[in-house]
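For reference, the structure is listed below as structure tokens.
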Amino acid sequence: MTLYDLANPTRFLKLVKAVLPWLIVATVAALAVGLYFAFFVAPEDYQQGQTVRIMFVHVPAAQLALMCYAMMALSSIGSLVWKHPLADVSAKASAPIGAAFTFLALFSGAVWGKPMWGTFWVWDARLTSFLVLLIMYLGIIALWKAIEDPIKAAKVNAIITLVGVINVIIIKFSVEWWNTLHQPPSIIRADGPAIHSSILIPLGLMALAFVLLFVTLHLMSMRNEIMRRRIRAMRMRAASVAPAASSSTVTKAAPAGAR
Amino acid sequence: MSWMKSLFVREYQLANRVGGGALIGVLFFLAVVTIFPFGVGPDMILLSRIGAAILWIGALLSTLLGLDRLFQADREDGSLELLVMSGRSLELVVLIKCAAHWAATGLPLVLATPVLSLFVGLDFQSIVLVTLTLLVGAPALTLVGAVGAGVTVSMRRGGVLLSILVIPLAIPILIFGVSAATAGAIDSNNFLVPFLFLCALTLFGLVVGPLAAAAALRVSGD
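See below:
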């Protein structure tokens, strides 16, 4: 099966139907194991105490927030270059999920920041770029809602998403230049992770669980969007047929000689 | 060449004559700068410290205000369709429209900046720097805004959505613009780095803005 076979929405729906139950089971299992490790196996931090456990939600959520944007950008390329309806659907489905994960990252960060930094919010580089990311997500969702024609909405959104990709990079750089307090990246570094394995393993499990969660939610959301479009198409067809049907009843009521 | 010139002149005249033209933007700029002291208090020392930021935000808001008409008026009377079908490069058309729009609305903001600087207590050097950074940076705002204008062209009352979409894109411009203006007033060595970044963003907008806006206009045209 190639990517082109998946391009057919019906085939895609069939695949989703087959895969989804397994994905849900895998997601729930990974979340359960990950949360168990995060809460009971991972040690307390000697400085941060129990609050360090917020990290196991915060870091995967932040990672997912960026991954969703990457997904949206790839789908946007798909809908601009190959003009593919499924890519449109994928881009549209990613936006609310990405917004939710961005919000979760910001929220968990705020809750974590209060005991650690003594404040819910600082205008630090990463916090700020995530806030901007959230605004961009919400703007894109609003744009999806504002344009009625789905194909036109997809193209317009693809353009603004791709401009946004460049912008996210510039914002990240410029905001870092502007102000930074957040700790530097500590997992992916040239000289190996700076986190002990007792924390890194639960973190990895949670990251995996979140990725599975994203894939599940994304597929479900894509399925819903395809259904929604079919309903829309059916309604439009019904609406275009309806006046003709009513006029035919009128002609029936008219004298038979009309034909 | 002549079509470019006549398009520029047409756009410039339209921007100037419709809806109050250049003056209305400057008036809004004045209003924004005026409400700041009411918010933060009439402390001249504080105002002069945040003066550059006030002027930049005022200019940003004034630019946003006029952007929704950049392509919409042309779409309503059908001339946008003609421009799309004219066979000329749509990117170039967008660039010329942006240039004319900036000349009609952005340039007056820059010219008004030295006067408005006096209200926020800037010294001579700061006035020069803020005006210079706005002269270099404000075109970038228009160019980035053109993307938002192109994307929202088919919407009635797309102005708010346009601002929401454009403000994130304008953040880097604002950061480097204000940094250059304030850092330069303290130490001229700190001026060059953000200023060059600002120039880079403008050049970058010069490429990305017309490309993306033209793509968006083509989509909403058919």
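Line by line, the protein sequences give chains A and B. Counting with my numbering, you get residues 12 to 270 for the letters of the first sequence. Counting with my numbering, you get residues 2 to 223 for the letters of the second sequence. Ideal Cβ positions, reconstructed from N, Cα and C, are used throughout, including at glycine. All figures in this text were calculated on a predicted structure; none of them were measured in a lab.
For chain A, the residues of the region 194 to 215 of chain B that bring a beta carbon within less than 7 Å of one of its beta carbons are Val209 and Ala213, in chain order.
Between the region 77 to 89 of chain B and the region 115 to 123 of chain B there are fewer than three inter-stretch CB-CB distances shorter than 8 Å, so the stretches are not counted as touching. Within the model, the alpha-carbon separation for Ala40 (chain A) versus Ala141 (chain B) is close to 50 Å. For Gln14 (chain B), the enclosing alpha helix (DSSP H) stretches over residues Ser3 to Arg18.
Assignment of alpha helix (DSSP H) within the region 223 to 250 of chain A, counting only whole runs of 4 or more residues, yields no such run. Per the coordinates, the alpha-carbon of Leu135 (chain B) lies some 15 Å from the alpha-carbon of Gly146 (chain B). In this structure Ala106 (chain A) is not in contact with Ser90 (chain A), their Cβ atoms being roughly 13 Å apart against a cut-off of 8 Å.
Closest option to Pro109 (chain B), judged by alpha-carbon separation, among B:Gly59, B:Thr35 and B:Phe125: B:Gly59.
Contacts between Ser185 (chain A) and chain B, judged by CB atoms closer than 7 Å, involve Pro173, Ile176 and Phe177 in chain order.
In this structure Phe112 (chain A) is in contact with Ala76 (chain A), their Cβ atoms being roughly 4 Å apart against a cut-off of 8 Å. Contact annotation: Trp189 (chain A) and Ile176 (chain B) have beta-carbon atoms nearer than 8 Å. Ala100 (chain B) and Phe9 (chain B) have their C-alpha atoms some 8 Å from each other. Counting only the Cα atoms, Thr62 (chain A) lies some 40 Å from Asn191 (chain B).
Selection B:Leu56, B:Ala213 and B:Ala32 evaluated against Thr183 (chain B) yields B:Leu56 as nearest (Cα-Cα). Within chain A, not a single residue places a beta-carbon under 8 Å from that of Met2 (chain B); the smallest gap is close to 29 Å. Across the set A:His69, A:Val100, A:Ile88 and A:Asp99, the C-alpha of A:His69 shows the shortest separation from the C-alpha of Ala121 (chain A).
Taking 8 Å as the threshold, the shortest C-beta distance from Trp134 (chain A) to chain B does not fall below it.
Between Val179 (chain B) and Ala54 (chain B), the CB-CB gap stays under 8 Å. Distances from the alpha-carbon of Ala84 (chain A) to those of A:Arg239, A:Val30, A:Val100 and A:Ala29 put A:Val100 closest.
In terms of Cα proximity to Gly60 (chain A), the closest of A:Trp123, A:Leu42, A:Leu117 and A:Ala116 is A:Trp123.
In terms of CA proximity to Ile65 (chain A), A:Met127 leads the group A:Trp33, A:Asn19, A:Leu97 and A:Met127.
The Cβ-Cβ distance between Phe72 (chain B) and Val161 (chain B) does not fall below 8 Å. Listed along chain B are Val152, Thr153, Leu162 and Leu166, each with a C-beta nearer than 8 Å to that of Leu154 (chain A). Under the three-state reduction of DSSP, Ile158 (chain A) is assigned to coil, being neither helix nor strand. Relative to the Cα of Ala220 (chain A), the nearest Cα in the group A:Ile177, A:Gly45, A:Met238 and A:Ala104 belongs to A:Gly45.
The beta carbon of Cys200 (chain B) lies closer than 7 Å to those of Val137 in the same chain, with the five residues before and after it left out. What Ala217 (chain B) touches in chain A, judged by beta-carbon distance under 9 Å, is Lys166, Val167, Ile170 and Ile171, going in chain order. Here Lys94 (chain A) carries a coil assignment [DSSP, helix/strand/coil]. Taken through DSSP and simplified to helix, strand or coil, Trp188 (chain A) comes out as helix.
Short of 6 Å from the beta carbon of Phe198 (chain B), and not among the five residues preceding or following it, lie these beta carbons of its own chain, in chain order: Phe177.
Close to Gly150 (chain A), with beta-carbon spacing below 8 Å, are these residues of chain B in chain order: Leu162, Ile165, Leu166 and Pro169. Restricted to the region 111 to 153 of chain B, the alpha helix (DSSP H) segments that are unbroken, complete and at least 4 residues in length are 125 to 152, listed in chain order. Secondary structure of Asn168 (chain A) (DSSP, three-state): helix. Linking Leu216 (chain A) to Thr130 (chain A) through their CA atoms gives a straight-line distance of about 29 Å. Sorting A:Ala53, A:Ile108, A:Ile151 and A:Ile146 by C-alpha distance to the C-alpha of Leu224 (chain A) places A:Ile108 at the top.
Neighbours of Val143 (chain A) in chain B, taken as residues whose beta carbon is under 7 Å from its own, are Pro169 and Ile172 in chain order.
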